[in-house]
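Protein chains in written order, with the working numbering: chain A, 3 to 162; chain B, 3 to 162. Every residue gets a Cβ at the ideal spot worked out from N, C-alpha and C, and that includes glycine. What follows is a short report on a single structure.
There are 2 protein chains.
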Amino acid sequence: MARSTGKPGAELAFLLSQVGYQSAALFAERIAPLELTPPDVGILKVVSEAEGLSQQDLGVKLSMFPSRLVAFLDQLEQRGLLQRRPSPADRRSHALYLSPAGREALKTIGRISREHQNQLCAALNEAERGQLTKLLQRIADDQKLAPGIHPGFRKLQMPR
Amino acid sequence: MARSTGKPGAELAFLLSQVGYQSAALFAERIAPLELTPPDVGILKVVSEAEGLSQQDLGVKLSMFPSRLVAFLDQLEQRGLLQRRPSPADRRSHALYLSPAGREALKTIGRISREHQNQLCAALNEAERGQLTKLLQRIADDQKLAPGIHPGFRKLQMPR
DNA sequence: TATTGTTATACTCTATAACTATA
DNA sequence: TATAGTTATAGAGTATAACAATA
């Protein structure tokens with residue numbers, strides 16, 4: 003039974019964490035058959051929006067250590083989704099590009115993401131989803147969360 | 003700039019994951035000075051609501067492997083927040099209880115949680131927080147998320 | 001001397017399965 | 001023989017720091 007009056011608890015913050023985790027977990031399940039993980043998707047997305055960027059740039063955008071990026075990029079490159087091209091100005095750095103297959107993968111991911119959202123938000127109609135989006139966006143802006151960048155890239159580990 | 007018409011993307015599902023992660027991360031930071039982690043808090047909370055339960059029971063409630071529980075319980079017991087008492091009926095099993103210090107810790111955690119929620123939801127007024135809570139609760143119910151049980155107990159690992 | 005990307009190392013946390021003591 | 005809790009082991013993933021090539 004919920005308290006209707008009195009000192010407010012932290013139900014909302016906990017609900018946010020619960021539902022947010024559920025969203026991440028279901029999404030991870032949905033892309034697993036593509037042999038992709040959420041960080042893979044985040045990397046592909048950022049590269050697609052800023053092609054030619056260096057691994058350094060990518061690390062800054064995602065707040066990831068460059069050394070942690072290497073393994074992800076190796077795998078994406080081996081699978082032909084992403085390319086490391088020599089940088090014209092600096093032979094130390096690599097310019098990152100999506101391959102055609104990488105762009106195709108992003109389209110598939112987009113479709114999967116929409117299905118995922120429909121499943122997750124099945125309890126709400128369109129108007130309610132719009133309401134929810136607006137409220138969450140206000141929090142995200144206030145919390146200085148960069149659009150399209152998941153804060154989990156930084157440190158990892160949620161409950162423990 | 004947001005698309006006002008056309009095929010919907012998955013912005014809402016991503017926003018939920020972003021804000022949910024932010025909630026979890028900020029909460030973890032807030033309780034870190036108490037030398038507690040979110041799973042510690044989850045355990046204390048469940049025990050407080052069902053004192054006398056066994057480690058087996060606790061594992062089922064949290065969807066955690068019993069072997070994973072051991073280290074958490076060891077630490078909480080050593081710090082005097084939780085007690086393993088002999089079970090009257092079965093000498094194999096332990097009945098879990100909070101100590102007075104454990105109950106005190108939960109009060110502190112409750113205060114911290116409210117501060118946390120106020121910080122996280124600073125962009126919204128009371129009415130808006132109520133709206134948001136209702137919408138999220140509808141999703142949580144539809145997704146069969148148990149009240150007060152974080153789905154992250156199960157498997158862990160969000161971005162990867 | 002500083003910087004880009006890579007590799008090496010140590011550490012944390014987990015699931016699985018073996019183990020003990022009771023039942 | 002089965003069950004409660006514990007311990008052992010191996011694996012996944014990370015941050016940190018050392019490293020080679022280039023600037």
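Practice problem: Answer yes or no: does any C-beta atom of chain B fall closer than 8 Å to that of A:Pro35? | Solution: no
Exercise. Give a yes or no on whether the C-beta atoms belonging to B:Ala26 and A:Ser19 are separated by under 8 Å.
Key: yes
Exercise. Excluding the 5 residues preceding and the 5 following B:Ile111 in the sequence, name in chain order all residues of the same chain whose CB lies nearer than 7 Å to its CB.
Key: Ile33, Val43
Self-check item: Contact set between the region 134–149 of chain B and chain A, restricted to residues whose Cβ is under 8 Å from the partner
Solution: Leu134, Thr135, Leu137, Leu138, Gln139, Arg140, Ile141, Ala142, Asp143, Asp144, Gln145, Leu147
Quiz item: The alpha helix (DSSP H) spanning B:His118 covers which residue range?
Solution: 102–122
Quiz item: What span of residues does the beta strand (DSSP E) with A:Arg87 cover, start to end?
Solution: 84–88
Quiz item: Who does A:His152 pair with in a DSSP beta bridge?
Solution: For A:His152, which the question treats as bridged, DSSP gives no partner whatsoever.
Exercise. Kindly list the residues whose CB is nearer than 6 Å to the CB of A:Arg156, restricted to its own chain and excluding five residues on each side of it in sequence; keep chain order.
Key: Ser65
Quiz item: Which residue comes first and which comes last in the alpha helix (DSSP H) that contains A:Thr135?
Solution: 128–144
Exercise. Run the CB neighbour count on B:Ser69, radius 10 Å, all protein chains shown included, and call it buried at 16 or more, exposed below.
Key: exposed
Quiz item: At a Cβ cut of 9 Å, what residues of the region 20–33 of chain A count as close to chain B, listed as they run along the chain?
Solution: Gln20, Val21, Gly22, Tyr23, Gln24, Ser25, Ala26, Ala27, Leu28, Phe29, Ala30
Quiz item: Within this structure, are the beta carbons of B:Leu100 and A:Gln139 separated by less than 8 Å?
Solution: no
Self-check item: C-alpha gap between A:Leu36 and A:Leu137, whole angstroms
Solution: 32 Å
Quiz item: Which of helix, strand or coil does DSSP assign to A:Ala97?
Solution: strand
Quiz item: Going straight from the alpha carbon of B:Ala15 to that of A:Leu147, what length do you get?
Solution: 15 Å
Quiz item: Buried or exposed: B:Gln80, going by 16 or more other Cβ atoms within 10 Å of its Cβ?
Solution: exposed
Practice problem: If I'm right that B:Ala103 touches B:Leu83 with Cβ under 8 Å, what's the distance once you round it to whole angstroms? | Solution: 6 Å
Quiz item: For a contact meaning CB atoms closer than 8 Å, what does A:His152 contact in chain B?
Solution: Phe16, Ser19, Gln20, Tyr23, Pro161
Exercise. Determine whether the Cβ of A:Gln119 lies closer than 8 Å to any Cβ atom of chain B.
Key: yes
Practice problem: Quick one: using the 10 Å Cβ neighbour count with 16 as the cut-off for buried, is A:Arg105 buried or exposed? | Solution: exposed
Practice problem: Check whether the Cβ atoms of B:Val48 and B:Leu60 sit closer than 8 Å, and answer yes or no. | Solution: yes
Quiz item: By the criterion of Cβ-Cβ separation under 9 Å, what are the contact partners of B:Ser69 in chain A?
Solution: Result: empty, since nearest Cβ-Cβ is about 15 Å, beyond 9 Å.
Quiz prompt | Among B:Leu55, B:Asp143, B:Phe74, B:Pro149, nearest to B:Ala91 - alpha-carbon criterion | solution = B:Leu55
Quiz item: Among the residues of its own chain, which have a CB less than 7 Å from the CB of B:Pro153, if the five just before and after it don't count?
Solution: Leu147
Quiz item: Of all the options B:Ser50, B:Val72, B:Leu46, which has the alpha carbon lying nearest to the alpha carbon of B:Gln58?
Solution: B:Val72
Practice problem: Can you check the region 12–66 of chain A for any alpha helix (DSSP H) of at least 4 residues that lies completely inside it and give the ranges in chain order? | Solution: 13–33, 40–51, 57–64
Exercise. Give me the Cα-Cα distance between B:Ala12 and B:Gln85, rounded to the nearest whole angstrom.
Key: 46 Å
Quiz item: Using DSSP with H/G/I as helix, E/B as strand and the rest coil, what is B:Leu71?
Solution: helix
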